[in-house]
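In the working numbering, the protein residues as written are 3 to 343.
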């Protein structure tokens with residue numbers, strides 16, 4: 003039993019049901035509220051989701067709900083869930099409106115549910131909670147705002163179809179900027195660990211890509227997230243050096259189940275910028291994917307990062323989806339009086 007402080011500004015209104023942790027007996031019902039599905043399929047899809055979550059080792063205790071306080075057995079009004087991931091992150095999900103009429107005044111209730119969830123995440127395991135609603139899901143965006151999440155940008159998800167490109171465009175030699183040497187990562191945990199950390203930290207300086215994320219997580223945790231995306235292959239992680247100093251990287255991981263690859267991260271330190279290094283690294287990665295017969299390369303980019311958007315489009319990438327990024331730092335609780343759960 004853990005005691006957490008309750009911040010006065012986050013205490014729910016008396017008119018809003020106080021959120022509670024979902025008991026295991028109501029997991030199926032709560033999951034049914036969280037997962038979009040036709041009414042006749044919700045329970046089946048919820049059970050499938052829960053079975054998969056348990057098999058993956060996810061902590062389902064990070065699920066909260068609200069009900070009618072006058073009737074503890076009444077249907078679940080709102081629910082939220084955090085799925086913990088590598089690099090001390092947690093992806094958050096919130097229930098949507100059942101109907102337009104039913105949704106009146108629910109933003110604050112969803113926000114209250116999310117605040118309880120965030121307050122009870124274990125800071126030793128999670129330092130950053132995040133959410134990626136679709137831009138048109140105003141109900142979700144309003145809930146994350148209400149819960150104190152920070153808007154970290156509008157993301158464009160882009161893809162480059164490589165199969166057609168192989169037929170139309172023979173791979174050209176990469177033109178590297180003068181003085182640049184490149185090689186694949188050898189060991190991200192040992193010999194190249196410091197190189198990767200220095201590139202990541204340098205690339206965050208004056209970044210145009212989700213600058214709101216800077217400083218919210220330790221760089222070690224960010225690297226762990228990158229390593230856990232897709233299937234790590236050191237030969238697809240490229241480092242760039244100048245005078246022995248690491249100044250750039252292109253990190254690509256394969257997604258074997260659908261024959262694609264993801265550009266996990268591409269970063270350039272201030273020393274390497276405005277010299278065409280980003281384009282060269284990306285062209286180098288694309289050429290390597292051609293040899294592996296990968297079908298497509300996908301990436302996500304902050305729409306405010308106009309240089310990156312122009313680069314991707316010039317190489318043939320096209321937007322196929324979009325998400326609104328929201329984040330919330332998870333802090334170690336201070337001593338005080340609060341809820342007991």
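For each residue, glycine too, the CB sits at the ideal point set by N, CA and C. No experiment lies behind these values; they were computed from the predicted model shown.
Start and end residues, beta strand (DSSP E) containing residue i
i	result
residue 252	247–257
residue 328	320–331
residue 66	65–68
residue 155	152–163
residue 216	First-last for residue 216: undefined, no H or E at that position.
Any non-hydrogen atom of the ligand HEM closer than 7 Å to residue i Cβ
i	result
residue 25	Of the ligands one can find in the structure shown there are none, so the ligand HEM has no counterpart to examine.
Test item: CB-CB of residue i and residue j under 8 Å
i	j	result
residue 241	residue 251	yes
residue 298	residue 162	yes
residue 217	residue 249	no
residue 258	residue 229	no
residue 19	residue 71	yes
residue 84	residue 131	yes
residue 77	residue 111	no
residue 30	residue 49	yes
residue 320	residue 311	no
residue 154	residue 210	no
residue 94	residue 133	yes
Cβ-Cβ separation, residue j to residue i (assumed contact under 8 Å), whole Å
i	j	result
residue 198	residue 225	6 Å
residue 219	residue 126	Not a contact, Cβ separation roughly 14 Å.
residue 268	residue 283	6 Å
residue 120	residue 330	6 Å
Residue i versus residue j - alpha carbon distance
i	j	result
residue 25	residue 332	23 Å
residue 286	residue 303	19 Å
residue 337	residue 53	With a pLDDT of only 44 at residue 337, under the threshold of 50, the placement of this residue in the model should not be trusted; the figure read from the coordinates follows. If you take the alpha carbons of residue 337 and residue 53, they lie about 37 Å apart.
residue 138	residue 325	9 Å
residue 300	residue 150	30 Å
residue 256	residue 73	50 Å
residue 69	residue 227	35 Å
residue 113	residue 293	48 Å
residue 14	residue 147	Interpretation of residue 14 is limited by its pLDDT of 44, a score under 50 that renders its predicted location unreliable; no figure is taken from the coordinates.
residue 6	residue 122	Its pLDDT being 40, under 50, residue 6 is placed unreliably by the model, and the measurement read from it follows with that caveat. Rounded to whole angstroms, residue 6 to residue 122 spans 7 Å at the Cα level.
Range of the contiguous alpha helix (DSSP H) that encloses residue i
i	result
residue 81	From DSSP, residue 81 is part of no alpha helix (DSSP H) but of the beta strand (DSSP E) over 80–87.
Proximity test, Cβ basis, 8 Å: residue i and chain B
i	result
residue 204	The structure shown contains no chain B; it holds only a single protein chain.
Which residue spans inside the region 295–320 form an unbroken beta strand (DSSP E) run of at least 3?
-> The region 295–320 is shown to contain whole beta strand (DSSP E) runs of 3 or more residues at 298–304, in chain order.
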